[in-house]
Every structure is written in structure tokens, then in C-alpha cells.
Amino acid sequence: MGAAGSAQRMILSGDYAVAYGVQLSRTQLAPVYPITPQTPILEKLSELVYQGTCTAELMTVESEHTAMAAALSASLAGVRVFTASASQGILYMHEMLHFAASTRAPVVMVGVNRAHSTPWAFWADHTDSLSQRDTGWVQLYSETPQEALDLVPISYRVAEQLFVPVMPVFEAVYVSHTYEPVEIPAQELVDSFLPPFPDQFRLNTDEPRNYGVATSAQGYMANRRRLAAAMGQVPGVLKQALDSWGQLTGRSYGLVEPYRCEDAELILVTIGGMAGTAREAVDQLRAEGLRVGVLKQRLVRPVPVAELRQHLQGAQKVAVVDRNYSPGLGGIICQEVRSALQGLAGAPPVHGLIAGVGGVNVGVQDLVAMARLALAEAEPTPDGTWYEGGVA
Numbered sequence: 005m006g007a008a009g010s011a012q013r014m015i016l017s018g019d020y021a022v023a024y025g026v027q028l029s030r031t032q033l034a035p036v037y038p039i040t041p042q043t044p045i046l047e048k049l050s051e052l053v054y055q056g057t058c059t060a061e062l063m064t065v066e067s068e069h070t071a072m073a074a075a076l077s078a079s080l081a082g083v084r085v086f087t088a089s090a091s092q093g094i095l096y097m098h099e100m101l102h103f104a105a106s107t108r109a110p111v112v113m114v115g116v117n118r119a120h121s122t123p124w125a126f127w128a129d130h131t132d133s134l135s136q137r138d139t140g141w142v143q144l145y146s147e148t149p150q151e152a153l154d155l156v157p158i159s160y161r162v163a164e165q166l167f168v169p170v171m172p173v174f175e176a177v178y179v180s181h182t183y184e185p186v187e188i189p190a191q192e193l194v195d196s197f198l199p200p201f202p203d204q205f206r207l208n209t210d211e212p213r214n215y216g217v218a219t220s221a222q223g224y225m226a227n228r229r230r231l232a233a234a235m236g237q238v239p240g241v242l243k244q245a246l247d248s249w250g251q252l253t254g255r256s257y258g259l260v261e262p263y264r265c266e267d268a269e270l271i272l273v274t275i276g277g278m279a280g281t282a283r284e285a286v287d288q289l290r291a292e293g294l295r296v297g298v299l300k301q302r303l304v305r306p307v308p309v310a311e312l313r314q315h316l317q318g319a320q321k322v323a324v325v326d327r328n329y330s331p332g333l334g335g336i337i338c339q340e341v342r343s344a345l346q347g348l349a350g351a352p353p354v355h356g357l358i359a360g361v362g363g364v365n366v367g368v369q370d371l372v373a374m375a376r377l378a379l380a381e382a383e384p385t386p387d388g389t390w391y392e393g394g395v396a
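Under my numbering, think of the first position of the sequence shown as 5, with each following residue one higher.
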């Protein structure tokens with residue numbers, strides 16, 4: 005990792021950056037099953053373990069369902085665990101994702117966004133991870149390989165402080181396989197940021213415990229209320245973790261990140277890698293005299309209602325660009341932004357734009373055109389407007 009106490013700069017893909025994040029977090033067990041475009045994470049982890057720099061034990065299993073079952077079981081036994089998946093793999097884990105959240109296992113799993121079948125596709129689409137939004141997992145979306153690395157130790161800190169599973173997410177190809185300069189922090193820095201795995205889950209034969217046992221209706225509701233209370237603490241705990249990470253590394257992140265929103269007539273809202281393209285589009289629109297800004301939403305679960313209201317309430321219009329589609333509803337993030345603004349005095353109308361589904365490329369000029377479309381629309385359409393620009 006370079007000289008003691010110093011960071012190292014490398015050219016890494018998002019997948020490879022995650023592997024270094026796992027190494028720096030001193031993860032102890034990684035049950036993994038390969039699936040495109042997540043497989044390079046497993047490959048790089050294998051290399052780091054072989055080199056002796058990563059202390060995680062790799063566990064090869066027969067399916068994604070088993071990978072999550074092994075991860076949550078090891079977590080409940082007192083081990084810091086990691087796994088990763090994408091697309092059909094995340095869908096196959098669905099049952100166990102509910103189990104992990106309900107048993108309060110602080111598992112960290114990276115989701116690499118890929119369109120799910122059918123038909124088969126291998127490019128970025130947020131529907132796979134967003135379809136798991138009701139399982140009880142915290143979801144954080146990265147824009148770059150650097151963020152992908154940084155969010156691994158940050159996710160562990162939140163997960164192990166509140167005993168909730170956390171899913172850092174980024175997009176296939178655009179982040180997973182794109183190489184950029186990445187700063188790898190010194191091990192000592194990460195050790196100062198991330199405490200050892202909490203003792204609460206240590207195996208102890210003198211204090212036997214059961215997980216997943218049958219309960220009464222009242223017991224089930226009490227469990228859900230405790231999970232709800234923990235999720236309610238996530239924004240505050242995550243803010244503290246992000247601030248601490250920023251002080252240590254100089255890289256500051258927020259639950260949401262506004263760009264040129266102060267006097268914006270229209271604010272574009274998006275998640276993931278599209279945010280960087282949206283900032284370029286905003287700069288072009290500003291140069292033409294149009295007051296447009298962009299709000300990047302990093303925290304998707306729980307929904308950062310206070311932050312969304314804070315940054316969107318002054319706009320005349322909001323347009324949410326969704327790289328997903330919920331049949332019969334439209335864009336998922338759009339509907340959640342509308343819900344967050346419900347009841348806010350003077351709340352702006354929220355226009356839904358669906359673009360990039362299945363991995364279709366969304367360029368600067370596409371977002372410029374979408375902004376113009378939103379500015380021209382008198383009333384929002386109920387389920388979103390499909391934008392057919394870009395190249396598949």
C-alpha cells in the first residue's frame with residue numbers, strides 16, 4: 005500500500021477500487037458468487053488475498069442466495085463480512101436480504117447495477133437495486149471509482165454502529181469497468197476511522213441466542229418498529245461518518261450534493277454516474293442564460309426527506325431523471341421525490357424523465373434536451389416522460 009501512513013494513487017476501475025476498500029476495512033470473510041459485471045471484484049480480492057495484503061477469507065458458494073445466507077450467518081457470529089452481486093444475483097438474494105435486515109446483521113454488500121432479464125442485457129440500470137429498497141437495507145449510490153472505494157469503510161461504520169445492512173451501489177460499465185485515478189488511503193487512516201467489529205455479536209456458549217425464530221404478531225411488529233427506529237438514525241450517523249471521512253481524507257460527501265442550485269429555476273435530480281454528466285449539462289445551460297442546477301442524491305434508503313426539501317423548495321420546477329422503470333408507476337426516484345415534497349408549502353412541481361434504461365448512454369446533450377423539455381412542460385406527466393435520446 006505504499007509508505008507507512010501515506011496514501012497511494014492508482015488507476016483503478018470501480019470494481020477494483022471496491023476490492024481495495026474491502027482490504028482496508030479488514031474484512032474477515034467474503035462469501036462471493038461471480039456474476040457480470042461484479043466478477044472483477046472477486047478476481048481482484050482473490051489476487052489481494054494471494055499476495056497476502058488482504059486478510060479476508062474467500063468462500064466460494066454455489067449461488068447468490070447462499071452467499072448472502074453465509075454472510076449474514078457469519079455476521080451474526082461475530083465476523084466482519086462482505087459480498088457483492090448484480091442484476092439476477094441480487095434478485096435471487098431477495099429472501100435473504102429481508103432476513104439480514106430483520107436479524108439486524110451489519111452486512112455490507114456492493115450492488116453493481118445491471119439490467120435484469122428478460123431480455124438479457126448487461127448494462128447499467130438501477131431497477132435491480134431499487135427493487136430491493138423495501139427490504140430494510142441502507143442504499144448509497146456512487147458516481148465514481150473513488151466514491152466506490154470510500155463508501156466501503158463508510159458503509160461498515162454505519163452498519164456496525166446501528167446494526168443495519170448497507171448496500172453501496174454503482175453502475176455497470178460506467179463505474180464498474182471504467183478506470184480513473186483513485187487514491188487508496190493508508191491502512192492507519194482507515195483503522196483510525198473504522199473501529200473493530202463490535203463485540204455484541206461474538207459467539208458465546210454462555211449466552212446462547214436464537215435468530216429467526218417464530219414469534220407472535222406483536223413480537224413481529226415490535227421487531228419492525230426497532231428496525232424503523234434504526235433506519236431513522238441512519239441520516240445522522242451517516243453524516244457523522246461522511247464528515248469524519250472528509251476530515252481524514254479531504255474528500256467530503258453529503259447525503260445529497262447540490263450543484264448551482266441556489267438560484268435555479270429548474271433543478272435536475274439524479275443518482276449515480278449520471279450526476280457528473282448532468283453537471284456538464286448544467287454548465288452549458290448556464291452559459292446560455294438558463295438557471296438550471298442539479299441535485300445528486302447519494303442516500304436513497306432511507307429517503308433523505310429533510311435534505312431534499314432543503315435544496316428543492318426554492319426551485320420553480322424539479323425534473324427527476326430516472327435510469328429505472330417501475331411498470332405502472334414510472335420512475336422510482338421521481339415518485340419518492342414527489343412524496344418527500346408532499347405537504348411542503350410552495351413545493352415545486354416534479355417532472356419525471358426516464359432515460360438510460362437498460363444502459364442506453366445518456367450524454368450531455370441528452371440532459372440539455374431533457375432540461376429544455378422540463379422547462380417547456382406546463383404540467384408533469386403522471387408516470388414520467390420517456391426520453392429516447394442517446395445511443396444503446
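Ideal Cβ placement from N, Cα and C applies to all residues, glycine included. In this text the structure is predicted, and so the values were computed from the model without any measurement.
Presumed contact (8 Å Cβ cut-off) between residue i and residue j, rounded CB distance
i           : j           : result
residue 326 : residue 388 : 7 Å
residue 168 : residue 100 : With 8 Å as the limit, residue 168 and residue 100 do not qualify as a contact, their Cβ atoms being about 15 Å apart.
residue 391 : residue 358 : 7 Å
residue 97  : residue 61  : Going by Cβ atoms, the distance from residue 97 to residue 61 rounds to 20 Å, so no, they are not a contact pair.
residue 109 : residue 155 : Contact flag wrong, Cβ pair sits at about 19 Å.
residue 371 : residue 281 : 6 Å
Reference residue i; option with closest CA among the options
i           : options            : result
residue 44  : 18, 95, 219        : 18
residue 298 : 305, 281, 289, 271 : 271
residue 343 : 308, 268, 80       : 308
residue 255 : 165, 202, 158      : 158
residue 314 : 303, 340, 266, 306 : 266
residue 293 : 268, 14, 303, 316  : 268
residue 83  : 362, 151, 164, 132 : 164
residue 316 : 81, 306, 348, 107  : 348
residue 217 : 197, 107, 209      : 107
residue 51  : 76, 38, 23, 16     : 23
residue 136 : 385, 361, 306      : 306
residue 38  : 29, 25, 63         : 63
residue 251 : 47, 194, 173, 224  : 194
residue 176 : 40, 373, 26        : 40
residue 290 : 354, 350, 263, 301 : 263
residue 238 : 258, 227, 300, 385 : 258
residue 119 : 93, 185, 181       : 93
residue 162 : 301, 13, 29        : 29
Contact check, residue i vs residue j, beta carbons under 9 Å
i           : j           : result
residue 66  : residue 279 : no
residue 356 : residue 332 : no
residue 53  : residue 88  : no
residue 276 : residue 183 : no
residue 171 : residue 127 : no
residue 11  : residue 189 : yes
residue 114 : residue 32  : no
residue 231 : residue 319 : no
residue 74  : residue 35  : yes
residue 324 : residue 352 : no
residue 71  : residue 152 : no
residue 130 : residue 328 : yes
residue 345 : residue 377 : no
residue 379 : residue 303 : no
residue 222 : residue 260 : no
N- and C-terminal bounds of the beta strand (DSSP E) containing residue i
i           : result
residue 323 : 321-326
residue 183 : 183-188
Beta-bridge partners of residue i, as assigned by DSSP
i           : result
residue 264 : None; residue 264 has no bridge partner.
residue 300 : 261, 274
residue 390 : 358
residue 34  : 62
residue 144 : 172, 303
residue 86  : 112
residue 15  : 185
residue 50  : Residue 50 is not bridged to any residue.
residue 106 : BP columns for residue 106 are empty, so no partner.
residue 117 : 175
residue 29  : According to DSSP, residue 29 bridges with nothing at all.
residue 133 : Residue 133 pairs with nothing; no bridge assigned.
residue 330 : 334
Residue-chain proximity (residue i, chain D), Cβ-Cβ < 9 Å
i           : result
residue 220 : In the structure shown, chain D does not exist; there is a single protein chain.
Bounding residues of the alpha helix (DSSP H) (the contiguous stretch that carries residue i)
i           : result
residue 249 : 221-253
residue 341 : 336-345
residue 160 : 149-166
residue 369 : 368-380
residue 215 : Here residue 215 belongs to no alpha helix (DSSP H), and DSSP marks it neither H nor E.
residue 364 : Per DSSP, residue 364 belongs to no alpha helix (DSSP H) and is neither H nor E.
residue 68  : 68-80
residue 39  : Segment: none, residue 39 is in no alpha helix (DSSP H) and carries neither H nor E.
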